[in-house]
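Okay, so the sequence shown: first residue is 11 according to the numbering used here, each after it adds one.
Built from N, CA and C at the ideal position, the CB exists for glycine as well.
It should be emphasised that the depicted structure is a prediction, and the values quoted were computed from it without experimental measurement.
The block underneath contains the structure these notes are about, expressed in structure tokens.
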Amino acid sequence: MISFYENFLLFANAAPPTAETVNTLTPSGWASMLCSVGAVTFAFVWCLTRVSKRNSTAETNRPAPAEQHGEHSETVAVSAVDCDGQDWEKVRTLNDLRHWNSPKTSLAVVGMPIAHSLSPRMHNAALNAINAPELAGWRYFKFEIPPDALGEALTLFHQHGFRGINLTLPHKVCALASLTRVDVFAAASGAANTLVREENGYAGYNTDGAGFVRALRETQGVTLENAVVVLLGAGGAARAIAASALDTGCRELWIGNRSAGRRAELLAQLREKKPDARATLHEFAMDAPPPAFPAGAVVVNATSLGLRDGDPSPLPAALWQRGMIAFDIVCGTGETAFLREARARGIPSVDGLPMLCWQGALAFELWTGRSAPVQVMLDALTRPPTR
Ligand code: NDP
């Protein structure tokens with residue numbers, strides 16, 4: 011077989027026909043000319059095929075980006091339906107929970123609404139990738155539970171042996187009263203996003219703040235040490251990010267929120283729980299921000315603006331300045347107005363997926379005691395499951 015190198019030489023040395031040579035050709039010259047052109051074309055196409063094959067092989071063989079946090083780097087196609095017929099993309103209800111009879115270990119994300127949640131996709135991909143005997147049969151589901159039924163749901167989850175729960179909107183804050191204990195991050199933020207089963211109930215953790223800090227570092231190479239953070243929102247996620255920003259040693263923390271009550275509550279909580287934080291705290295009403303923020307601020311959208319199509323940005327576009335970083339924690343909804351306006355001004359930006367991945371990776375480790383396959387989880391978030 012002719013080698014790639016030989017083909018390259020053949021192609022490189024073949025002189026293209028000129029107008030002059032074409033006009034003076036005899037029939038046999040024409041035949042030989044056409045043969046040459048055919049040979050050159052064949053060689054060219056063959057080269058291209060080889061190169062593209064070579065590239066695609068290199069793609070497959072290329073080591074995944076270094077796993078900074080986990081031993082697995084292989085990506086796995088995940089089906090939305092288990093071999094036992096369990097469809098984990100399906101939204102389950104309190105009634106499903108009352109009649110739950112799976113003998114296998116279950117995990118769940120609980121919220122309202124919940125249909126949009128990407129967590130089952132991400133965690134089931136991770137469970138598949140790890141392939142450890144002690145995790146065999148573990149599955150992660152999504153449950154839509156209204157706020158007034160959360161207490162009953164947590165009792166039922168515990169009775170049915172659910173190993174871990176992720177809480178999302180609107181449960182992160184009100185769940186605290188039903189937990190056996192909370193970790194420092196959940197205590198500091200007054201919100202829990204991860205529950206771990208214990209003998210008498212669930213312990214509460216908060217991995218949102220650490221997930222945010224890690225996502226910012228991995229995507230922008232930026233740490234919050236000595237940084238100025240402008241945080242838009244004062245809900246469950248904003249509280250966790252605020253506590254982590256103070257822990258990480260930010261210099262200034264600006265908090266803007268629509269309702270004054272919730273904003274004041276968050277500031278009071280931070281002052282009480284983080285008395286040693288070195289950062290100066292500032293607050294503003296969402297509809298009356300200061301005329302400018304300090305240069306180089308990391309601006310974070312932690313409101314739910316952006317979840318719905320057509321939502322406006324929580325930040326007036328005139329406040330974007332070069333040197334800032336835009337981080338929108340809303341995810342799975344396409345480009346938000348907040349990110350669109352930042353990008354239009356050349357501001358580096360991060361969407362909610364890396365934070366979702368990192369908060370999930372930390373939760374996964376709490377439940378399984380194993381390093382999370384971060385790259386697998388990130389890939390699963392950007393690729394729909396097969397059916
Ligand atoms: P909460 O309900 O606890 O908080 C919602 C926040 O959004 C509050 O500050 C609220 O202000 C504000 N808000 C809601 N509607 C408006 C509006 N129309 N105008 C201005 N502000 C508004 O929700 P969470 O903190 O749990 O979640 C917030 C967002 O973050 C959601 O989009 C969620 O999906 C996302 N998220 C992403 C994560 C990730 O990993 N990427 C993790 C966690 C959350 P007010 O107090 O005035 O009501």
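(message) Across the region 259 to 266 and the region 221 to 228, are there enough close Cβ pairs to call them in contact, namely three or more that are closer than 8 angstroms?
(response) no
(request) Kindly examine the ligand NDP and report whether one of its heavy atoms sits closer than 7 angstroms to the Cβ of serine 269. (result) Against the sequence shown, residue 269 aligns to sequence position 259. Checking every heavy atom of the ligand NDP against the Cβ of serine 269, one is found closer than 7 angstroms.
(message) For phenylalanine 172, which residues in the same chain have their Cβ closer than 7 angstroms to its Cβ, ignoring the five residues on either side in sequence?
(response) In the sequence shown, the residue the question calls residue 172 occupies position 162. Excluding residues within five positions, the ones whose Cβ falls inside 7 angstroms are Ser116, Leu117, Ala118 and Arg207.
(message) Let's see if you can read the secondary structure: which residues bound the beta strand (DSSP E) around glycine 356?
(response) As a first step, residue 356 is located in the sequence shown; it is residue number 346 there, counting from the start. Unbroken run through glycine 356: none, as it is neither H nor E.
(request) Please name the residue, chosen from Ala278, Gly379 and Gln169, that lies closest to tryptophan 110 on a Cα-to-Cα basis. (result) In the sequence shown, counting from the first residue as 1, residue 110 sits at position 100. Looking at the Cα atoms, Gln169 is the closest of the given residues.
(request) State the Cα-Cα distance for the pair glutamine 279 and isoleucine 251, rounded to the nearest angstrom. (result) Translated into positions along the sequence shown, residue 279 becomes position 269. Translated into positions along the sequence shown, residue 251 becomes position 241. Using only the alpha carbons, I get a separation of about 13 angstroms.
(request) Decide yes or no for the touch test of the region 329 to 344 against the region 377 to 388: beta carbon pairs closer than 8 angstroms, at least 3 of them. (result) no
(request) Mind reading off the beta-carbon distance from leucine 234 to threonine 258? Whole number of angstroms is fine, and I expect it under 8 angstroms. (result) Indexing the sequence shown from 1 puts residue 234 at position 224. Indexing the sequence shown from 1 puts residue 258 at position 248. Sure, about 4 angstroms apart at Cβ, within 8 angstroms.
(request) Starting from valine 119, trace the beta strand (DSSP E) both ways and give me its first and last residue. (result) As a working note, residue 119 is residue 109 in the sequence shown. Segment 116 to 121, the beta strand (DSSP E) holding valine 119.
(message) For proline 285, count the other beta carbons within 10 Å of its own beta carbon; 16 or more makes it buried, fewer makes it exposed. Which is it?
(response) Within the sequence shown, residue 285 is the residue found at index 275, counting from 1. With fewer than 16 Cβ atoms within 10 Å of its Cβ, proline 285 is classed as exposed.
(request) For the beta strand (DSSP E) holding leucine 291, just list the boundary residues, first then last. (result) Your numbering for residue 291 matches position 281 in the sequence shown. Residues 290 to 295.
(request) Could you please give the first and the last residue of the uninterrupted beta strand (DSSP E) stretch that includes valine 309? (result) Stepping through the sequence shown from its first residue, residue 309 is reached at position 299. Start and end: 308 to 311.
(request) Taking leucine 3 as the reference, give the member of Glu154, Leu241 and Ile335 with the closest Cα. (result) Residue 3 is absent from the structure shown; the chain starts at 11 and stops at 397.
(message) Restricting to Cα atoms, I'd like to know which of Glu345, Glu282 and Glu293 is closest to alanine 270.
(response) To locate residue 270, count along the sequence shown from 1; it is residue 260. The shortest Cα separation from alanine 270 among Glu345, Glu282 and Glu293 belongs to Glu293.
(message) Shorter than 7 angstroms, the distance from the beta carbon of aspartate 158 to the closest heavy atom of the ligand NDP, or not?
(response) Taking the first residue of the sequence shown as 1, we reach residue 158 at position 148. Checking the Cβ of aspartate 158 against the ligand NDP gives no.
(request) May I have the straight-line CA-CA distance separating leucine 315 from phenylalanine 151, to the nearest angstrom? (result) To locate residue 315, count along the sequence shown from 1; it is residue 305. To locate residue 151, count along the sequence shown from 1; it is residue 141. About 26 angstroms.
(message) Measuring only the C-alpha atoms, how far is leucine 189 from alanine 202?
(response) Position 179 of the sequence shown, counted from the start, is the residue given in the question as residue 189. Position 192 of the sequence shown, counted from the start, is the residue given in the question as residue 202. Computed Cα separation, rounded: 9 angstroms.
(message) At the level of alpha carbons, what is the spacing between aspartate 3 and valine 238?
(response) Within the shown structure, residues of the chain are numbered from 11 to 397, placing residue 3 beyond reach of any answer.
(message) So for tryptophan 377, helix, strand or coil by DSSP?
(response) In the sequence shown, the residue the question calls residue 377 occupies position 367. Three-state result, tryptophan 377: helix.
(request) Name the one or two DSSP bridge partners that alanine 2 has. (result) With the chain covering 11 to 397 only, the question about residue 2 has no answer from this structure.
(request) With DSSP collapsed to three states, give me the class of tryptophan 264. (result) For the purposes of this step, residue 264 is taken as the residue at position 254 of the sequence shown. Reduced to three states, the DSSP call for tryptophan 264 is strand.
(request) Kindly give me the distance between the Cβ atoms of threonine 165 and leucine 372, rounded to whole angstroms, as I take these residues to be in contact under 8 angstroms. (result) Sequence index remark: in the sequence shown, residue 165 carries index 155 (1-based). Sequence index remark: in the sequence shown, residue 372 carries index 362 (1-based). Actually they are not in contact, since the Cβ atoms of threonine 165 and leucine 372 sit about 26 angstroms apart, beyond 8 angstroms.
(request) For arginine 249, count neighbouring C-beta atoms within 10 Å of its own C-beta (all shown protein chains included) and say buried if the count is 16 or more, exposed if not. (result) For the purposes of this step, residue 249 is taken as residue 239 along the sequence shown, with counting starting at 1. Result: buried.
(request) Could you tell me if the beta carbon of lysine 6 falls within a distance shorter than 7 angstroms of some heavy atom in the ligand NDP? (result) Residue 6 lies beyond the residue range present for the chain, which begins at 11 and ends at 397; the question has no answer from this structure.
(message) Distance check for glycine 246 and serine 199, CA to CA, integer angstroms please.
(response) Position 189 of the sequence shown, counted from the first residue, corresponds to residue 199. Position 236 of the sequence shown, counted from the first residue, corresponds to residue 246. Answer to the nearest angstrom: the Cα atoms are 7 angstroms apart.
(message) Give me, in chain order, the residues of the same chain whose beta-carbon lies closer than 7 angstroms to that of aspartate 361; leave out the 5 immediate sequence neighbours on both sides.
(response) In the sequence shown, the residue the question calls residue 361 occupies position 351. These residues qualify, in order along the chain: Asp338, Cys341 and Leu349.
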